[in-house]
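Right, one structure below, let's go through it.
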Amino acid sequence: MHTPLCGHAVGEPVDYARRALEIGLTEIGFADHSPMAKDGFDDWRMRDRQLDKYVAKVRLAQRMFPQLIIRLGLEVDYLPGQESWIRKLAARHPWDYFIGSVHYVSDSWDIDNPAKLSEWKKRDAFEVWSAYFERLTQAAESRLFQIIGHADLPKKFGFRPTQDCRPLYRDFVTAAAQAGCAIELNTAGLRKDCREIYPCLELLKIARVKQVPITFGSDAHAPEEVGLNFAEAVDLARQARYRETCRFHCRQHEFIRI
Ligand SMILES: [Zn+2]
Ligand SMILES: [Zn+2]
24 MHTPLCGHAV
34 GEPVDYARRA
44 LEIGLTEIGF
54 ADHSPMAKDG
64 FDDWRMRDRQ
74 LDKYVAKVRL
84 AQRMFPQLII
94 RLGLEVDYLP
104 GQESWIRKLA
114 ARHPWDYFIG
124 SVHYVSDSWD
134 IDNPAKLSEW
144 KKRDAFEVWS
154 AYFERLTQAA
164 ESRLFQIIGH
174 ADLPKKFGFR
184 PTQDCRPLYR
194 DFVTAAAQAG
204 CAIELNTAGL
214 RKDCREIYPC
224 LELLKIARVK
234 QVPITFGSDA
244 HAPEEVGLNF
254 AEAVDLARQA
264 RYRETCRFHC
274 RQHEFIRI
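Residue numbers (my numbering): 24 to 281.
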């Protein structure tokens, strides 16, 4: 879940926590968009000097709602070459988890950015999907992340290749299995043009066979989005024959029956 520090979310962590209790959740986690090595890389993340403020906002929610477990994480962009920066970021606070996400297939194109939709029209969808999954596979291999975020993000606007994407899924899932990182079932996809949870059932089934753990996320950017469509996410997990989900504390995971 996010905070206003990223510039495109509303509501404070305390508001998200209050909403979580209203709908009966027992544990939530924040993972706002992390700073990049250089501020000003784009306009949809906190700046480096805001990191401590972010942690303080989450700590405040923890103090105000002791009856709710609130985890501290970050959604970190994976770009090749950023590994040492990500390690430094990891050392700055006692994070419960890092969600590794690929939004950028090049230094300048974040494929989920609605302002850059025209880029999709200039390219072959399979080329973009392939570039994306290559980076996602590298992200899993880096072992910098406990969870890989929204694994089939390129479907967001509905630009889908006609080619078989299963080989791309397989390479990524194999890397995730080897590195021991989980993938999230992210319900934000249901609120986008693709109208589907990330990732698709086909990818999840491969992940289940390779025993890659899963987590549930609403990717909330507003308090009313907390836990949204979790029933559908649980259905999807069951369709892929998952029986367990996992939770994180101090970067260690623990399995829970669904
Ligand atoms: Zn966001
Ligand atoms: Zn993301």
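Note that beta-carbon positions come from the ideal geometry of N, C-alpha and C, so glycine has one too.
Is residue i helix, strand or coil when you go by DSSP?
i: residue 109; result: helix
i: residue 130; result: coil
i: residue 289; result: Because the chain spans 24 through 281 in this model, residue 289 falls outside it and cannot be assessed.
i: residue 183; result: coil
i: residue 16; result: For the chain, the structure presents residues 24 to 281; residue 16 sits outside this window and is missing.
Hey, how far is the Cα of residue i from the Cα of residue j?
i: residue 95; j: residue 88; result: 14 Å
i: residue 218; j: residue 79; result: 34 Å
i: residue 184; j: residue 172; result: 21 Å
i: residue 141; j: residue 91; result: 43 Å
i: residue 28; j: residue 153; result: 32 Å
i: residue 194; j: residue 41; result: 40 Å
DSSP has residue i in a bridge; who is on the other side?
i: residue 10; result: Shown here, the chain extends from 24 to 281; a query on residue 10 therefore has no answer.
i: residue 205; result: 170
Just to confirm, does residue i get its C-beta within under 8 Å of one of the non-hydrogen atoms of ligand 1?
i: residue 32; result: yes
i: residue 152; result: no
Could you pull the start and end residues of the alpha helix (DSSP H) that residue i belongs to?
i: residue 155; result: 148 to 164
i: residue 79; result: 74 to 87
i: residue 247; result: Premise fails: residue 247 is in no alpha helix (DSSP H) and is neither H nor E.
i: residue 229; result: 224 to 232
What I want to know is whether the C-beta of residue i ends up closer than 8 Å to one or more non-hydrogen atoms of ligand 2.
i: residue 172; result: yes
i: residue 208; result: no
i: residue 167; result: no
i: residue 213; result: no
The beta strand (DSSP E) with residue i in it runs from where to where?
i: residue 238; result: 237 to 240
i: residue 54; result: 50 to 56
i: residue 100; result: 92 to 100
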